[in-house]
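To convert a position in the sequence shown, counted from 1, into my numbering, add 3.
For every residue, glycine included, the Cβ atom is placed at its ideal position computed from N, Cα and C.
Every value quoted in this text rests on a predicted model; they were computed, and no experiment measured them.
First the structure, in the form of C-alpha cells, and then the observations on it.
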Amino acid sequence: MRINILQHTPNEGPGSILDWAQLHGHQTYIYHPYQFGYLPQASETDMLVILGGPMSPNDDLTWIKEERHLIQQLLNNDTPMFGACYGAQQITKTLGYPVIKAPAKEVGWAPVYLQANVISGIPEKLTALHWHEEMFEIPAQAQLLFSSSHLKNQGFVMNHRIVGLQFHFEPQSDNVREMVVNDFPYIKGTVLQQTAADILNTPVPAENKNVMFKILDYIMEGASLE
C-alpha cells in the first residue's frame with residue numbers, strides 16, 4: 004500500500020507513523036509542498052497523512068488550496084486520512100468549516116481526554132505534545148474524539164476512515180528535540196507556561212506511539228470493511 008505524507012516544515016516529520024508503515028510493509032512517500040509545490044495524485048494515494056506546520060489553512064497560498072483540492076478528491080473516494088494539527092485543520096476546512104484562533108495558545112506537554120470510545124484500546128487520559136494557536140470545528144458528520152482543559156475540539160473521528168488531532172502523538176524523542184531547537188521562539192506566550200527545557204526534559208510517553216498505531220490501524224480497518 005502507498006501512504007503519501009504531506010510534510011509542511013522540516014522540523015515536523017512523521018515520527019512513529021513511519022514505524023507503523025514499516026511494520027505493515029507499506030511504502031511511504033513524503034512530499035514537501037511548501038518548498039517544492041508538488042502533491043501526489045489522488046489515484047496514487049491509498050492513505051494520506053497530513054502533518055503539522057507553522058502556516059494556517061487561511062493563508063492565501065496556491066499550494067494550500069491545491070492541497071485542499073486533493074483532500075476533497077480523497078474524501079470523495081473514501082480514502083483513509085490522518086491529519087495532525089494544521090493537517091486536521093485542512094481536512095475540516097475542506098469540509099466547509101472555519102479554522103479560527105483557539106481560546107488559548109497551547110505549546111508543550113498537557114493531558115488530553117478521550118471523548119468517544121470508538122477506537123478500542125485508547126486510555127481515557129494521555130499526555131500529548133501541543134504546538135498550536137488555531138483550532139478546527141468538529142464536522143457535523145464526525146465525532147469529538149479528544150478534548151483538553153483549554154480546548155474542547157482536540158480531535159475528531161469520521162466515517163471509520165479519517166482521524167484529525169489538534170495535538171501530536173507522532174513525535175518521538177528526536178522529533179521533539181528537532182521541534183524545540185528549531186521553533187523555540189514559538190514557545191513564548193503559551194497558556195501551558197512551559198519553557199524549552201521543560202518540554203525537552205519531559206520524556207515522550209511510550210503509550211503515545213501505541214495509540215498512534217491504534218489510530219492508524221483503525222483508519223485502515225475502516226477501508227478494509229468496504
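Buried or exposed (CB count within 10 angstroms, at least 16 for buried), residue i
| i | result |
| --- | --- |
| Arg164 | buried |
| Gly192 | exposed |
| Asn185 | exposed |
| Ala200 | exposed |
| Ser152 | exposed |
| Glu15 | buried |
| Lys96 | buried |
| Lys212 | buried |
| Thr48 | buried |
| Gln92 | buried |
| Gly158 | buried |
Unbroken alpha helix (DSSP H) run spanning residue i, endpoints
| i | result |
| --- | --- |
| Ala24 | Ser19 to Leu26 |
| Ile74 | Thr65 to Asn79 |
| Phe39 | Pro36 to Phe39 |
| Met58 | Where Met58 is concerned, there is no enclosing alpha helix (DSSP H), given that its DSSP letter is neither H nor E. |
| Ser176 | Ser176 to Asp186 |
Identified DSSP bridge partners for residue i
| i | result |
| --- | --- |
| Ala199 | None; Ala199 has no bridge partner. |
| Met161 | Ile165 |
| His171 | Leu132 |
| Met215 | Looking at the DSSP assignment, Met215 forms no beta bridge with any residue, so it has no partner. |
| Val110 | Trp134 |
| Ile53 | Leu9 and Gly86 |
| Tyr32 | Asn7 |
| Lys104 | Glu137 |
| Val115 | Leu129 |
Nearest-angstrom beta carbon gap, residue j and residue i [assumed within contact, 8 Å]
| i | j | result |
| --- | --- | --- |
| Ile8 | Tyr37 | Contact doesn't hold; Cβ gap of about 13 Å is too wide. |
| Phe139 | Gln118 | Not confirmed; about 15 Å, so no contact. |
| Val233 | Phe172 | As displayed, the chain neither begins before 4 nor continues past 229, which places residue 233 out of reach and without an answer. |
Unbroken beta strand (DSSP E) run spanning residue i, endpoints
| i | result |
| --- | --- |
| Gly167 | Ile165 to Leu168 |
| Leu129 | Lys128 to Phe139 |
| Asn7 | Arg5 to Leu9 |
| Gly86 | Met84 to Ala87 |
| Ser150 | Gln146 to Ser150 |
Proximity below 7 Å, CB of residue i to CB of residue j
| i | j | result |
| --- | --- | --- |
| Ala87 | Leu54 | yes |
| Glu137 | Lys104 | yes |
| Ile6 | His29 | yes |
| Ser19 | Gln146 | no |
| Ile3 | Lys217 | Summary: the structure shown does not reach residue 3, with the chain confined to residues 4 through 229, and so no result is reported for it. |
| Thr130 | Pro208 | yes |
| Gly56 | Tyr89 | yes |
| Val183 | Leu154 | no |
Any chain B beta carbon closer than 7 Å to residue i
| i | result |
| --- | --- |
| Asn178 | The structure shown contains no chain B; it is built from a single protein chain. |
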